[in-house]
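Enquirer: Numbers in my numbering are just positions in the sequence shown, counted from 1, shifted up by 13. Got a structure here, written out as C-alpha cells. Questions coming.
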Amino acid sequence: MAPKPALPPGPFFTTLAHLLTLEQASEVAETSLLLSSAPPGQLARAGLAILSLTIASLKTGLGGRSVVELSLDSAVVAKDSRGELPEHGIRTGDIVRVGEMPKGTAKKKEVTELKGKGVEGVVTRVGERAVWVALGRDGSAAAGGGDDVEAVPDGKLWIVKLANDVTYKRMHQVLTKILKTPESSYTSLQSVLLGLSSPGTVDPSQIKDLEFLDPTLNESQKDAIRFALSSPEIALIHGPPGTGKTYTLIELILQFLKRNLRVLVCGPSNISVDNIVERLAAASPSTPIVRLGHPARLLPGVLNHSLEVLTRTSEAASIVSDVRKEMDEKQASIRKTRNARERRAIYGDLKQLRKEYREREGKCVDGLVTSSKVVLSTLHGAGGYQTRNQEFDVVVIDEASQAMEPQCWIPLVFAGQNVRKLVLAGDHLQLPPTVKSADDKESKEERKKALKGLEEELAKLTVTEQEQKTAIGWSLETTLFDRLLSMHGSGIKRLLNTQYRMHENIMRFPSDELYDGKLVAADAVKARLLKDLPYEVQETDDTIEPLVFFDTQGGDFPEKTEDQTDGPVKKSVLLGDSKSNEMEAAVVSMHVKNLTDAGVRDEDIAVVTPYNAQLAVLSSMLKDKYPGIELGSVDGFQGREKEAVIVSLVRSNAEKEVGFLGEKRRLNVAMTRPKRHLCIIGDSETVSRGSTFLKRWMKFLEDHADLRYPALDDLEVG
C-alpha cells in the first residue's frame, strides 16, 4: 500500500511555487534596499562590491560571450602592494553589474543614476588580483541588448553583486512543467517521490558478488553502497559530520559505472560539486567525466574536466578554435581604436562571428557531454541546454539537505525522462537551506498576501481542509530528504556511523542527542589532542583538553544589539538585528593567544559564532594579530573543519532569550567542526533557559568539559 503523502501533487507543487515567489521577492527586496540606499564604499565594506577597477583584458568565453578581466586601477595600487583585491564577498556564479565608478565628488542623484547603468554578467573566476565576468546572464544576452561589450564604459569601473534570479527562474520552470504533466505520465521514480506508490523491494541478491574498489571503506559505508545499488528507486545516505560521505559517494558512482549506468551528479553549490569532481578524477582518471558550469576553485583536477576547458582542448575543439582566435583578435582591437566608426564595424563583425561560434561550439559541447559517462553540475545547472537532450539512469544529489526541494526537481525533470533511480546524500540534522522569507520581519505583509493567493489557488483544486492547513503551513526549509524520510520511513535510509574527524569527547554530545548514540569515533581520531599535532606544541592546560567551557554567567558579559546607524543605511540592514558581546570576544582573544603561545599555528584555529555582528567585533580584534586564523559564521562554516574551534555563543541577557541559538541544527554544526579541541564560550544561565536541548548541553559541558570561569582582570578589552 502506498504511503499517504502530506499533499497530493497538484496542491503540493502549487504551494512550492507560491513559497518560491515569496522567497524570491524577499531576496530581491533585501538586495534592492542595499543597492539603492548604500553608497559604493559601504557596499564594498559589506562585501557586495569591488571598487576602482579597470579592464585588464577581453577574451571569448563559453557560448561566445565576451569575458572581461577586471583588476585594480594602477592609480589606487600602493607601491608596496601586489595589486591584490580588497576583501570582498563576490564569488564565482554571482550575477554582477559592471559599471562606471561614481566619482568621489558625485552628487547622490548622479550616484543613483550610475548604479542603474552598466552591463550585467556572471562571475566566471575570482583571483587574488582580478575578477573575470562573462557579459550576459545565464548563457543568454544581457539585459539591454545582446552581449554588448560596447556598453562597458571606459575608465574606472566597479562591480556590484545583484540578486541572482537565474536559480529561481529554473525552479519556476520545473514547477510549471511538472504541474502541466498529468499524473498518468509520471515515471515510477516520480510516483514514489510524490507518495503515489511505495518504494520497490530491495533485492540484495542482485549485488552479492560486489567487489569494492576502495579497500578502506568501513562496514556502514559498504552497507550504504549495497543498499543504494539494490534499491529500485530511492536511497538516502545519511552522513553525519566527518563520516566520509563523499568517499562513499565516489565508490557508489564507480559501482554504477561498472554496471554500465550513466550518472548525473548534482549539488546545491559549486563547492559541493567540485569536491566530487576532484575525488572522482583522482579515483578513476580514465573515466570520461564532464563538469558543467564554471568550477568555483580552479584546481587542475577540476578544471581539466570542465566544459570550458574541454571545448578548447578536446579533439573536437579544433572546429571552434579558429573562430575563437578571430574573435579574441577582434576583442583586443576594440581597446586599441578610439574611432567610433571603426568600433561599430568591429562590433558588427563580432556579432557574425559569435553566431558562427555558437553553432560550432554547440555541436562540440553536445558531443563532449554525450560521450561522458558521468556529468556533474549544480542543481540549477542541470536545467541548462547542455543536458536537455541527454539521458541518465541515475541522479545522485550530494548535500541534499541543504537544497530547497524545487532545486532537486530540476535534474529529475529536465535531464531526460529515463532517470530510474535517485540517491540523496546529506545530513538533515545539520542546517537546512537558508530561507530568507521565513524570518524576514519586513515581508510579513507580503507573506500574508502570498498565502491569501495560495488559498485562492487551492480552492480551485480538490483539497481537504487538512490538506489546505498543511499547504498553508509548508516551508521551503522542508527538504526533499526530510519529506521522503517522513513519508516512507527510515527504511529508505542508511546511516554512516564511523566519524574520522573528532576526538571522542567532542563527538559524544551530538551523537547521543541527535544520532541516537550511534556515532563512533575511528581509532585514529578518538584520542588525538592539540599537543599531538605533527609540529611542536607545548603541553599546556589547553593543549591537553579536547573540550573546554568558559562559563560567563553572572551578568558581567552582557550582549549588545546592533541598532546604531552607520551612514544612510542602518547597520541592521547589513547585520540584521544582530547581537555582539565584546567581553566574550575578549575571552576568545585570550584563548587564541594561549593556544598560539603554546605553539598551535593560527591557520589551525577557527572562531565561529552564530551572529554576524559578533563576527565583526572578533575580526577587528583578531585579524591583524593572527592573519591565518579563520573567522566565520556558524552557517557559513557548515562542511568545514579545523584542528581547534572556538565557539562564541554571544547571548547573555536578563530575559534569558537565546534567539536562533535555539535551533539545534545550528548548534550541531558549531560543535562538530573541530578535530582535536572545542572551546565553548557562553553564559550557561541564559543559554540553559532556551530549550530542553540547550539545558542538556549546558549540563553535559558542566559534567564533561574542562569548566572555567573567566576573570575580568585577565581580559584585554577595548
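C-beta: ideal position from N, C-alpha, C; glycine also.
(1) Go through its chain and collect everything with a Cβ distance to Arg183's Cβ below 6 Å, but skip five positions before and after it.
(2) Report the three-state DSSP secondary structure of Gln430 (helix, strand or coil).
(3) Out of Pro301, Asn402, Ile347, point me to the one whose CA is closest to Val388's CA.
(4) Figure out for me which residue from Val111, Leu64, Lys130 has the closest Cα to the Cα of His101.
(5) Take the Cβ of Lys2 as the centre, count every other Cβ of all protein chains shown within 10 Å, and call the residue buried at 16 or more, exposed below.
(6) Tell me whether Pro419 sits in a helix, a strand or coil according to DSSP, three-state version.
(7) Pop quiz: Met500 and Pro16 are said to be a contact at Cβ under 8 Å. What is the actual Cβ separation, rounded to whole angstroms?
(8) From Lys174 to Ser211, what distance separates their C-alpha atoms?
(9) The beta strand (DSSP E) that contains Leu148, what's its start and end?
(10) I need the boundaries of the alpha helix (DSSP H) containing Leu270, first residue and last residue.
(11) Where Val215 and Ser243 are concerned, what is the direct C-alpha to C-alpha distance, given to the nearest angstrom?
(12) Buried or exposed: Asn273, going by 16 or more other Cβ atoms within 10 Å of its Cβ?
(13) Pick helix, strand or coil for Gln443, following the three-state DSSP scheme.
(14) How many Å lie between Ser285 and Ser390 at the Cα?
(15) Say whether the segment 219-236 touches the segment 464-484, bearing in mind that this needs 3 or more beta-carbon pairs closer than 8 Å, one atom from each stretch.
(16) Since Glu572 is in the beta strand (DSSP E), which residue starts that stretch and which ends it?
(17) Quick one: Cα of Leu320 to Cα of Val303, how far?
(18) Residue range of the beta strand (DSSP E) that Asp719 falls in?
(19) What did DSSP end up calling His8 once you bin it into helix, strand or coil?
(20) Helix, strand or coil for Ala309 per DSSP?
(21) For the segment 595-631, list the beta strand (DSSP E) runs that are entirely contained and at least 3 residues long, ordered along the chain.
(22) Whole angstroms is fine: what's the gap from Gly652's alpha carbon to Ala143's?
(23) Let me make sure I understand the geometry here. Which of Leu635, Tyr624, Pro623 has the alpha-carbon closest to that of Asp615?
(24) What did DSSP end up calling Lys349 once you bin it into helix, strand or coil?
(25) With C-beta atoms as the reference, is Ser79 less than 8 Å away from Gln365?
(26) Can the beta-carbon of Asn666 be found closer than 8 Å to that of Gln627?
(27) Please report how far the alpha carbon of Ala540 lies from the alpha carbon of Ile557, in whole angstroms.
(28) How should Gly213 be labelled, buried or exposed, when 16 other C-beta atoms within 10 angstroms of its C-beta is the threshold for buried?
(29) Report the three-state DSSP secondary structure of Arg653 (helix, strand or coil).
(30) Just to confirm, does Asp569 get its C-beta within under 7 Å of one of the non-hydrogen atoms of the ligand ZN?
(31) Going by DSSP, what residues sit across from Trp171 in a beta bridge?
(32) Whole-angstrom Cβ separation of Leu509 and Ile250, contact assumed at under 8 Å?
(33) Run through the segment 189-259 for me and flag every whole beta strand (DSSP E) of 3 or more residues, listed as ranges in chain order.
(34) Count the CB pairs spanning the segment 597-613 and the segment 551-571 that are closer than 8 Å, and state whether there are at least three.
(35) Would you give the residue range spanned by the alpha helix (DSSP H) that Thr699 belongs to?
(36) Do you know how far the Cα of Tyr624 is from the Cα of His604?
Expert: Let me lay it out:
(1) For the purposes of this step, residue 183 is taken as the residue at position 170 of the sequence shown. Closer than 6 Å at the Cβ level, and outside the excluded window around Arg183, lie His393, Gly396, Ile423.
(2) What you label residue 430 is simply residue 417 of the sequence shown in a count that begins at 1. Gln430 falls in the coil class under three-state DSSP.
(3) As a working mapping, residue 388 is identified with position 375 in the sequence shown. Comparing Cα positions, the closest option is Pro301.
(4) The residue given as residue 101 occupies position 88 in the sequence shown. Of Val111, Leu64, Lys130, the residue nearest in Cα terms is Leu64.
(5) The structure shown does not extend to residue 2, since the chain is modelled only from 14 through 731, so no value can be given for it.
(6) If you number the sequence shown from 1, residue 419 lands on position 406. Pro419: helix per DSSP, three-state reduction.
(7) Along the sequence shown, one-based indexing puts residue 500 at 487. Along the sequence shown, one-based indexing puts residue 16 at 3. With 8 Å as the limit, Met500 and Pro16 qualify as a contact, their Cβ atoms being about 5 Å apart.
(8) For the purposes of this step, residue 174 is identified with residue 161 of the sequence shown, where counting begins at 1. For the purposes of this step, residue 211 is identified with residue 198 of the sequence shown, where counting begins at 1. The alpha-carbon atoms of Lys174 and Ser211 are separated by roughly 45 Å.
(9) Taking the first residue of the sequence shown as 1, we reach residue 148 at position 135. Note, Leu148: beta strand (DSSP E), 143-148.
(10) Here residue 270 refers to the residue found at position 257 when the sequence shown is read from its first residue. Taken as a continuous stretch (DSSP letters only), the alpha helix (DSSP H) holding Leu270 covers 258-271.
(11) Working through the sequence shown from its first residue, we reach residue 215 at position 202. Working through the sequence shown from its first residue, we reach residue 243 at position 230. The straight-line gap from Cα to Cα measures roughly 6 Å.
(12) Taking the first residue of the sequence shown as 1, we reach residue 273 at position 260. So Asn273 ends up on the exposed side.
(13) The residue you call residue 443 lines up with position 430 of the sequence shown. Residue state, collapsed to three classes: coil.
(14) Counting from one through the sequence shown, the residue named residue 285 turns up at place 272. Counting from one through the sequence shown, the residue named residue 390 turns up at place 377. Distance between the alpha carbons of Ser285 and Ser390: 10 Å.
(15) no
(16) For the purposes of this step, residue 572 is taken as residue 559 along the sequence shown, with counting starting at 1. Run containing Glu572: none; DSSP gives neither H nor E here.
(17) As a working note, residue 320 is residue 307 in the sequence shown. As a working note, residue 303 is residue 290 in the sequence shown. For Leu320 and Val303, the distance between alpha carbons rounds to 6 Å.
(18) Mapped onto the sequence shown, residue 719 falls at position 706. From DSSP, the beta strand (DSSP E) with Asp719 extends over 719-721.
(19) The structure shown does not extend to residue 8, since the chain spans only 14 to 731, so no value can be given for it.
(20) Position 296 of the sequence shown holds residue 309. For Ala309, the predicted structure reports a pLDDT of 41, less than 50, and the residue's modelled location is therefore unreliable. A value from the coordinates is still provided. Reduced to three states, the DSSP call for Ala309 is coil.
(21) 618-622
(22) Taking the first residue of the sequence shown as 1, we reach residue 652 at position 639. Taking the first residue of the sequence shown as 1, we reach residue 143 at position 130. Rounded to the nearest angstrom, the two C-alpha atoms are 27 Å apart.
(23) Start at 1 with the first residue of the sequence shown, and residue 615 comes out as number 602. Asp615 has its Cα closest to that of Leu635, out of Leu635, Tyr624, Pro623.
(24) Start at 1 with the first residue of the sequence shown, and residue 349 comes out as number 336. Residue state, collapsed to three classes: helix.
(25) One-based indexing of the sequence shown puts residue 79 at position 66. One-based indexing of the sequence shown puts residue 365 at position 352. In this structure, Gln365 does not lie closer than 8 Å to Ser79 by Cβ.
(26) Here residue 666 corresponds to residue number 653 of the sequence shown, with the count starting at 1. Here residue 627 corresponds to residue number 614 of the sequence shown, with the count starting at 1. No. Outside cutoff.
(27) For the purposes of this step, residue 540 is taken as residue 527 along the sequence shown, with counting starting at 1. For the purposes of this step, residue 557 is taken as residue 544 along the sequence shown, with counting starting at 1. So the alpha carbons of these two residues sit roughly 10 Å apart.
(28) Stepping through the sequence shown from its first residue, residue 213 is reached at position 200. It is exposed - the Cβ of Gly213 has fewer than 16 other Cβ atoms within 10 Å.
(29) One-based indexing of the sequence shown puts residue 653 at position 640. Three-state DSSP puts Arg653 in coil, outside helix and strand.
(30) With respect to small molecules bound, the structure shown includes none, and the ligand ZN cannot be examined in it.
(31) Here the question's residue 171 lines up with position 158 in the sequence shown. Trp171 is bridged to Gly112.
(32) Here residue 509 corresponds to residue number 496 of the sequence shown, with the count starting at 1. Here residue 250 corresponds to residue number 237 of the sequence shown, with the count starting at 1. So it is a contact: roughly 7 Å between Cβ atoms.
(33) 247-251
(34) yes
(35) Here residue 699 is taken as the residue at index 686 of the sequence shown, counted from 1. Element bounds for Thr699: 697-700.
(36) On the sequence shown, residue 604 is found 591 positions in, with the first residue counted as 1. On the sequence shown, residue 624 is found 611 positions in, with the first residue counted as 1. Cα to Cα, the separation comes out at about 19 Å.
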